[in-house]
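A short worksheet on the structure shown next.
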């Protein structure tokens, strides 16, 4: 019973390149959340998606960042024209339902380093 | 904006000691969740507290939800090196679309 799978675990990009982070939720989970974590800032909510729909993107920067969760395949967090400030750990989480008491199951994260 | 403030930010103790970490907000939450995160891994849920005044125990860990549902605490009895990690509290925003986390308490237990 596989958990939330994220890949790659480590991603190195040069400034100006694109970064694509992938997340396969747990089997049966149709709700996906993306978070960014920096040591001094904690775990920051970015976006919440349900199959084919963005439900809440209030934590996502308006430019360069986008997320999708297609009908088939993993959820993708895409960062265009990366800058050094994008370096962080990005975590994906999933849940089977939506609700205020729902617990989230997290992946092991992707550590993005921008040179 | 709903914010969760956690204290202390860092805690370094000896094996066998007791400790309490706090999670406070000026906002009311329908429930609060506690997660533990180890280096290089994602957070893992420890417990969810739902009812004001509720106390939940998980072996040596005791979680309490404030009567007004604005705060929570985590008490660890006789801490062990295996308790080392980042402890995070979290609650959903009003719309129920985003689980908001506090900045966490980094606990280090040495033998």
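Protein chains in written order, with this note's numbering: chain A, 2 to 116; chain B, 19 to 129.
Even glycine gets a Cβ: it sits at the ideal position worked out from N, Cα and C.
Per DSSP, the bridge partner or partners of residue i
{"i": "residue 118 of chain B", "result": "B/109"}
{"i": "residue 54 of chain A", "result": "A/51"}
{"i": "residue 51 of chain B", "result": "B/66 and B/108"}
{"i": "residue 114 of chain A", "result": "A/13"}
{"i": "residue 33 of chain B", "result": "Residue 33 of chain B pairs with nothing; no bridge assigned."}
{"i": "residue 59 of chain A", "result": "Answer by DSSP bridge pairing: none, since residue 59 of chain A is not bridged."}
{"i": "residue 39 of chain B", "result": "B/92"}
{"i": "residue 22 of chain A", "result": "A/78"}
{"i": "residue 95 of chain A", "result": "A/33 and A/106"}
Where residue i sits in the DSSP three-state scheme
{"i": "residue 89 of chain B", "result": "strand"}
{"i": "residue 10 of chain A", "result": "coil"}
{"i": "residue 29 of chain A", "result": "coil"}
{"i": "residue 79 of chain A", "result": "strand"}
{"i": "residue 85 of chain A", "result": "helix"}
{"i": "residue 43 of chain A", "result": "strand"}
{"i": "residue 17 of chain A", "result": "coil"}
{"i": "residue 100 of chain B", "result": "helix"}
{"i": "residue 65 of chain A", "result": "coil"}
{"i": "residue 80 of chain B", "result": "strand"}
{"i": "residue 3 of chain A", "result": "coil"}
Top-ranked residue by Cα proximity to residue i, from the options
{"i": "residue 55 of chain A", "options": "A/42, A/6 and A/34", "result": "A/34"}
{"i": "residue 100 of chain A", "options": "B/110, B/39, B/118 and B/66", "result": "B/110"}
{"i": "residue 121 of chain B", "options": "B/129, B/114, B/112 and B/104", "result": "B/104"}
{"i": "residue 66 of chain A", "options": "A/75, A/73, A/48 and A/72", "result": "A/48"}
{"i": "residue 41 of chain B", "options": "B/129, B/117, B/118 and B/107", "result": "B/107"}
{"i": "residue 30 of chain B", "options": "B/119, B/101 and B/58", "result": "B/101"}
{"i": "residue 70 of chain B", "options": "B/76, B/97 and B/81", "result": "B/81"}
{"i": "residue 71 of chain A", "options": "A/39, A/32, A/111 and A/102", "result": "A/32"}
{"i": "residue 64 of chain A", "options": "A/50, A/81, A/51 and A/52", "result": "A/81"}
{"i": "residue 79 of chain B", "options": "B/48, B/39 and B/45", "result": "B/39"}
{"i": "residue 37 of chain B", "options": "B/93, B/128 and B/124", "result": "B/93"}
{"i": "residue 122 of chain A", "options": "A/28, A/114, A/103 and A/76", "result": "Residue 122 of chain A lies beyond the residue range present for chain A, which begins at 2 and ends at 116; the question has no answer from this structure."}
{"i": "residue 108 of chain A", "options": "A/18, A/23 and A/14", "result": "A/23"}
Residue i Cβ short of 7 angstroms to the ligand COA heavy atom set
{"i": "residue 91 of chain B", "result": "As for the ligand COA, it is missing from this structure, which has no ligand bound."}
Contact set between residue i and chain A, taken where Cβ atoms lie within less than 7 angstroms
{"i": "residue 110 of chain B", "result": "101"}
{"i": "residue 20 of chain B", "result": "Those do not exist, as residue 20 of chain B stays about 11 angstroms from chain A at its closest Cβ, beyond 7 angstroms."}
Boundaries (first-last residue) of the beta strand (DSSP E) holding residue i
{"i": "residue 123 of chain B", "result": "123–128"}
{"i": "residue 46 of chain B", "result": "First-last for residue 46 of chain B: undefined, no H or E at that position."}
{"i": "residue 75 of chain B", "result": "73–76"}
{"i": "residue 70 of chain A", "result": "Careful: residue 70 of chain A lies outside any beta strand (DSSP E) and carries neither H nor E."}
{"i": "residue 25 of chain B", "result": "23–25"}
Amino acids of chain B, ordered along the chain, whose beta-carbon sits closer than 9 angstroms to that of residue i
{"i": "residue 109 of chain A", "result": "58, 59 and 60"}
Partner residues on chain B for residue i, Cβ-Cβ distance less than 8 angstroms
{"i": "residue 34 of chain A", "result": "116 and 117"}
Closer than 7 angstroms at the beta carbon, the chain B residues around residue i
{"i": "residue 105 of chain A", "result": "117"}
{"i": "residue 91 of chain A", "result": "Those do not exist, as residue 91 of chain A stays about 10 angstroms from chain B at its closest Cβ, beyond 7 angstroms."}
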